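Chemist: Its first residue numbered 6, the sequence shown is counted upward by one per residue in our numbering.
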Amino acid sequence: MAEVPSSSEKHDDRVEHVEAGESKDYVGVTDDHLPEYHDKGTKKILRKVDLRLIPMLTFLYVLSFLDRSNIGNANIAGMSEDLGLVGNQYNICLMVFFFPYALLEVPCNIMLKLMRPSTWICIMMLGWGIVMTLQGIVQGYHGLIATRVMLGVCEAGFFPAASYLVTTWYCRFEVQRRLSVFYSAAALAGAFSGILAYGISFMQGVGGLEGWRWIFILEGILTVVVGASLHWTLPDSPETASFLTDHERSTLIRRLAEDSGTTTGQVDMHDGFRWSSLKAPLTEWKLYLCIIIWWGNAIPVYGFTYTIPAIIVGLGYTSAVSQLLTVPLYMSGVISVIGLSVWADKKQVRWCFVMYPYLIAAAGCLALLAIPHPEYPGLTYFFLFFIPIGIYPSLISLCSWIGNNLAPSWKRAIGMALVVSGGNLGGLVGSNIFLASQSPKYPLGYGLCFAVCVVAAGGAVVLKMAHERENRRRDGMGLDEVREKYGEEELLGMGDKSPLYRYVV
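1. With distance defined between alpha-carbon atoms, name the residue in Gly46, Leu62, Glu495 and Ser444 nearest to leucine 235.
2. Quick one: give me the first and last residue of the alpha helix (DSSP H) that tyrosine 491 is part of.
3. Where alanine 107 and isoleucine 298 are concerned, what is the direct C-alpha to C-alpha distance, given to the nearest angstrom?
4. Please name the residue in Trp174, Met100 and Ile222 whose C-alpha comes closest to that of glutamate 263.
5. On the criterion of 16 or more Cβ atoms from any shown chain inside 10 Å, does valine 211 qualify as buried, or is it exposed?
6. For a quick check, are the C-beta atoms of phenylalanine 102 and glutamine 353 less than 8 Å apart?
7. Could you name the residues of the same chain whose beta carbon sits closer than 6 Å to that of tryptophan 217, not counting the 5 residues immediately before and after it, in chain order?
8. Serine 198 and alanine 315 - do their beta-carbons sit closer together than 8 Å?
9. Reducing DSSP to helix, strand and coil, say where tyrosine 381 ends up.
10. Nearest to isoleucine 392 by CA position, among Cys357, Tyr307 and Ala412, is which residue?
11. What residues in its chain sit with their C-beta under 8 Å from that of arginine 478, if we drop five residues either side in the sequence?
12. Could you give the distance in angstroms between the alpha-carbon of lysine 291 and the alpha-carbon of leucine 468?
13. Which residue's Cα is closest to the Cα of alanine 375: Gly452, Gly141 and Gly344?
14. Can the beta-carbon of tyrosine 169 be found closer than 8 Å to that of arginine 417?
15. Is the segment 459 to 476 touching the segment 360 to 380, taking contact as three or more C-beta pairs under 8 Å?
16. Given a cut-off of 8 Å on the beta-carbon distance, is the pair leucine 56 and isoleucine 126 in contact?
17. Under the three-state reduction of DSSP, which class applies to cysteine 295: helix, strand or coil?
18. Measuring straight from C-alpha to C-alpha, what distance separates threonine 331 and arginine 474?
19. Select from Val67, Arg260 and Gly369 the residue whose C-alpha is nearest the C-alpha of proline 243.
20. Label glutamate 253 either buried or exposed according to how many other C-beta atoms from any shown protein chain fall within 10 Å of its C-beta, with 16 as the threshold for buried.
21. Near alanine 471, what residues of its chain come up, given a Cβ to Cβ distance below 7 Å and the 5 sequence neighbours on each side ignored?
22. Less than 8 Å between the CB atoms is what I'm expecting for serine 436 and tyrosine 293, so what's the real figure, rounded?
23. From which residue to which residue does the alpha helix (DSSP H) around threonine 323 run?
24. When we look at the beta-carbon of tyrosine 188 and count the other beta-carbons within 10 Å, is it buried (16 or more) or exposed?
25. Round the Cβ separation of isoleucine 394 and serine 341 to the nearest angstrom and send it over; I've been treating them as touching at under 8 Å.
26. Where does isoleucine 142 sit, in a helix, a strand or coil, going by DSSP?
27. According to the neighbour-count rule (16 or more other Cβ atoms, all chains shown, within 10 Å of its Cβ), is glutamate 2 buried or exposed?
28. What are the boundary residues of the alpha helix (DSSP H) that includes serine 405?
29. I need the boundaries of the alpha helix (DSSP H) containing isoleucine 419, first residue and last residue.
30. In angstroms with no decimal places, state the Cα-to-Cα distance between valine 359 and alanine 285.
31. Take every Cβ of the segment 159 to 167, pair it with every Cβ of the segment 126 to 144, and state whether three or more of those distances are shorter than 8 Å.
32. Roughly how far, in whole angstroms, is the beta-carbon of tryptophan 1 from the beta-carbon of glycine 141, given that I think they are within contact range, below 8 Å?
33. Taking the beta carbon of valine 466 as the centre, do at least 16 other beta carbons fall within 10 Å, making it buried, or is it exposed?
34. List the endpoints of the continuous alpha helix (DSSP H) containing cysteine 454.
35. Three-state secondary structure (DSSP) at glycine 89?
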């Protein structure tokens, strides 16, 4: 392994850059300020982490998204008719999931910080797996409402926990490509659910149960089995990773410390809980802007996921064929999110990878509003691809952006959960805008999705400008001035508020 510069050598090198005035060109953290750990040995360590952590999180998120969204597949397989749902009762069943799902995300990430991540995620998965299995035996509207509420309770903490966990293993410009693989599981789940629902639908009458019930029962049992294994299969942190050697663990820990987002010095990576840890993200206005940007994903993605089988049925296809035709749509989202995320990490920039995909999704929604449905089913199906291609990469770029710019660790954990919590309230809207009474035109659904995508794209530009302005302000402070005003311990605890910290743009 190549020799690693000492802390003092790195400090001196960075001081020279600041004194030379080069820091005023930063809009984030440049190559000069990335840790000197890019040799073959370090890449081998990262591959070990990749193979152990990312596939596991990806599989867990497949199960998570599958279990919350398979109700759309069950619905076109006869669930509403068998349960006697009338009017907007199906939409209400979709909506009630999001109340506990959104409200409990911050408390869940506090629990994540207080116990082993594998233990906390295991508890959540066992809970939602049991609820999903029971959803397969409900007998009416009220039973379905109860299971959807409990599913929201049990799934609430998974996405923010998994996203935060990734940021504790990788440097700032290594995060998005890993999150993209993990998050693309949402699209994979959509594709897989169509195939799985198609196969399970042939279990009609098995055990005296309708085919749609087996969708819930079998997927719920699988979730319970996988959740029970997490104590042994999901690594918690670089410090406790038994699959790494002592040298490999120390390498990961040191490179994370040196990639803390400061032009010199570090931020506290192992801070304990203080009430200020809760106050800091709650009073950060940029996080509330991120919630609005998140709605550009949450509203279309849940409306799209729950309604896309019915939209395709409205094009003249059978229910079975419609299940299969959802697969290419979701796969296009997988390709888009992974490809753009690798590009974003390579370019070391975030804002444009939020804005431009949202504009692609907006263009698709506008076209779907203009098409005279159902006269052109092929054209309608073509423009449906614009939605997953646009909304999936926008969200993962935003999630990476948030994680890159929050420090220390408690602020990052709570701040990421806060944005996910507020952002997922968009699911309340998304689950109620594609109304069966408006089929096949869906003017409310496509129109609102167009509007929120445009607003989200504009929000990304505003957030970019805010980060650049703060970086320029901090660049104007000399290093001597900073050292005179703040002590080392104070700078360490300030996290992203430190004048030595530079935001990723």
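Beta carbons: idealized from backbone N, C-alpha and C, even for Gly. Computed from a prediction, not measured in an experiment: that's the story for all the values here.
Modeler: Taking the geometry as given:
1. Leu62
2. Premise fails: tyrosine 491 is in no alpha helix (DSSP H) and is neither H nor E.
3. 16 Å
4. Trp174
5. exposed
6. no
7. Ala79, Ala82, Gly83 and Met84
8. no
9. coil
10. Tyr307
11. none
12. 7 Å
13. Gly452
14. yes
15. yes
16. no
17. helix
18. 43 Å
19. Arg260
20. buried
21. Lys291
22. So it is not a contact: roughly 23 Å between Cβ atoms.
23. Threonine 323 -> no alpha helix (DSSP H), and no H or E assigned at all.
24. buried
25. 4 Å
26. coil
27. Because the chain in this structure spans residues 6 to 510, residue 2 falls outside the shown range and cannot be described.
28. 391 to 409
29. 414 to 429
30. 25 Å
31. yes
32. Outside the displayed span of the chain (6 to 510) sits residue 1, for which this structure offers no information.
33. exposed
34. 448 to 480
35. coil
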